[in-house]
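Report on one structure; see the data block that follows.
Structure follows, in structure tokens:
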């Protein structure tokens, strides 16, 4: 099982910059010194683009870290789903960060975060309509054109669905990838959370995504919020270990997509690097198992 | 009756109202509810919006947070966020007008020094995140003809901030962040004004007291006023020495001879 990568928009350089099909971890400020001093056995790191747009010590740390570790840049502020279009100033800042750190991967979200000129500090849900599909495709194309590289678009976790949606989210995302040539960042935890919240079949989501487009997988923890004794909602808070059901769904994703660079995300109550590396090791074991199973299937 | 489908633009503006001013009227009818209603679903996003921005303000204003306590700070932040939500996804830049807000915030009126402390904290925050730049090479200045020197307009280092406070905001700020209760209680908040120069050095952010004349002179220079005019503002025999100090300390990163074109 091979994955054809859309070559036209990929950065030409390989080696240090590119992200291998193994597990990496999200790098927070609190780990900067430890990474430089102790050189932990992480395979690669992902950071949030918006944290590296100013001056101060953070960009300097990342300059040093990226000499030894491949880096992926993950954005939250571009607002790919905004009907009012992309903020040119923010896109310019993203480009500066991408050019400075030469990441192996660049990703954003299938959502919107800006409306009426206000940044809404969260990833907000889109109606799954033809109009929204057109807006997202237009914005994604603009980003890829400006950055001169392929963008990965991540499936969101959502707490709201709209009555006037006409396209299932998994089909919507597949269409965005088909029309723009962008890649997909498959967040397996988000699929699980949204499936629980909306009554979807998680496997149906995986089945609809084109394997060739999958450029990265995210894994994270989530919490169960009890609205009252009878009702719960799952919240994608990235504040704990990956849940067993999500590990199982991840194994299913690997069987379907083949080995994919996989990120362990943990943004609240961030633990020690050692704990993050434990989670990464678990993902690496599943990737290896998927490779072995695939080899056995071919040999049989 | 089913509400007619909104355009994407209408829906996104309605979601903005839902999050910023807690008004669901434009969006509730379009949300699939069921066992969990529209308001409860929108609450998830509302809580994240308020939580993320309150945290951003707390990180930018740690001394104000300590002075008023968590509960008061969250209440003030909630009102500020509603009237002044962010315009940029770079949250390090969020909250510039919080000091002005606190000036007009009646529940904080008894802490007359609070807005001054906030203004200082904003300058410190700005200094922390400002881009870096190489100091001006003074040989370029020395090479100028005498006649040109009078019209030199300086560009300050991006981290430089000048704060004029009616109260000893720097002493309060330091004592609060050092958690030095005895120092804090020894401060007379009405002892008089402070003129402060804030900048980022390789060792960290520096907050320095200077006298009023020096502050006015430095402010004029940093605002790009021509050198001769800045000397007029200061009218003090020490200004040449002060300029030399500033140049040696790398306070400026560039200069020009003409008005910057807009």
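Protein chains in written order, with the working numbering: chain A, 1 to 300; chain B, 1001 to 1262. Note that CB positions come from ideal geometry on N, CA and C, so glycine has one too.
Compare the C-beta of residue i with all C-beta atoms of chain B and state if any pair is closer than 8 Å.
i	result
residue 258 of chain A	no
residue 106 of chain A	no
residue 194 of chain A	no
residue 124 of chain A	yes
residue 191 of chain A	no
residue 115 of chain A	yes
residue 168 of chain A	no
residue 161 of chain A	yes
residue 224 of chain A	no
residue 14 of chain A	Note on residue 14 of chain A: pLDDT 37, under 50, position unreliable in the model; the coordinate value appears next. So, not an interface residue.
residue 90 of chain A	yes
residue 112 of chain A	yes
residue 132 of chain A	yes
residue 19 of chain A	no
residue 55 of chain A	yes
Who are residue i's beta bridge partners in DSSP?
i	result
residue 109 of chain A	A:154
residue 185 of chain A	A:154 and A:216
residue 67 of chain A	Answer is none; residue 67 of chain A lacks a bridge partner.
residue 1195 of chain B	B:1164 and B:1210
residue 1156 of chain B	B:1252
residue 162 of chain A	B:1031
So that I know if they touch, is there some Cβ in chain A lying closer than 8 Å to that of residue i?
i	result
residue 1085 of chain B	yes
residue 1007 of chain B	yes
residue 1121 of chain B	no
residue 1098 of chain B	no
residue 1015 of chain B	yes
residue 1054 of chain B	no
residue 1023 of chain B	no
residue 1020 of chain B	yes
residue 1088 of chain B	yes
residue 1342 of chain B	This structure cannot speak to residue 1342 of chain B, because chain B is shown only from 1001 to 1262.
residue 1041 of chain B	yes
residue 1155 of chain B	no
residue 1048 of chain B	yes
residue 1207 of chain B	no
residue 1070 of chain B	no
residue 1012 of chain B	yes
residue 1245 of chain B	no
Hey, residue i and residue j are a contact pair by Cβ (cut 8 Å); roughly how many whole angstroms apart?
i	j	result
residue 52 of chain A	residue 36 of chain A	Actually they are not in contact, since the Cβ atoms of residue 52 of chain A and residue 36 of chain A sit about 16 Å apart, beyond 8 Å.
residue 176 of chain A	residue 136 of chain A	6 Å
residue 1250 of chain B	residue 1158 of chain B	About 12 Å; that fails the 8 Å criterion.
residue 1016 of chain B	residue 116 of chain A	5 Å
residue 1068 of chain B	residue 163 of chain A	About 43 Å; that fails the 8 Å criterion.
residue 301 of chain A	residue 107 of chain A	In this structure chain A extends from 1 to 300, so residue 301 of chain A is not present and cannot be described.
residue 1084 of chain B	residue 1101 of chain B	7 Å
residue 1209 of chain B	residue 1196 of chain B	6 Å
residue 194 of chain A	residue 158 of chain A	5 Å
State yes or no: is the C-beta of residue i within less than 8 Å of the C-beta of residue j?
i	j	result
residue 1123 of chain B	residue 1163 of chain B	yes
residue 183 of chain A	residue 138 of chain A	no
residue 265 of chain A	residue 218 of chain A	yes
residue 75 of chain A	residue 94 of chain A	yes
residue 119 of chain A	residue 1086 of chain B	yes
residue 295 of chain A	residue 254 of chain A	no
residue 1036 of chain B	residue 191 of chain A	no
residue 127 of chain A	residue 1008 of chain B	yes
residue 71 of chain A	residue 103 of chain A	yes
residue 205 of chain A	residue 247 of chain A	no
residue 210 of chain A	residue 258 of chain A	no
residue 1003 of chain B	residue 1029 of chain B	yes
residue 27 of chain A	residue 45 of chain A	yes
residue 82 of chain A	residue 1012 of chain B	yes
Compute the Euclidean distance between the alpha carbons of residue i and residue j, then round it to the nearest angstrom.
i	j	result
residue 1131 of chain B	residue 215 of chain A	33 Å
residue 1194 of chain B	residue 1166 of chain B	6 Å
residue 41 of chain A	residue 101 of chain A	21 Å
residue 1256 of chain B	residue 1233 of chain B	20 Å
residue 16 of chain A	residue 213 of chain A	Its pLDDT being 45, under 50, residue 16 of chain A is placed unreliably by the model, and the measurement read from it follows with that caveat. Going from the Cα of residue 16 of chain A to the Cα of residue 213 of chain A covers about 22 Å.
residue 1066 of chain B	residue 30 of chain A	22 Å
residue 1010 of chain B	residue 1045 of chain B	18 Å
residue 67 of chain A	residue 1229 of chain B	48 Å
residue 39 of chain A	residue 1128 of chain B	26 Å
residue 1217 of chain B	residue 130 of chain A	60 Å
residue 1120 of chain B	residue 1048 of chain B	28 Å
residue 1213 of chain B	residue 1219 of chain B	10 Å
residue 55 of chain A	residue 1055 of chain B	20 Å
residue 1081 of chain B	residue 1242 of chain B	41 Å
residue 252 of chain A	residue 203 of chain A	8 Å
residue 1061 of chain B	residue 1118 of chain B	7 Å
residue 22 of chain A	residue 181 of chain A	23 Å
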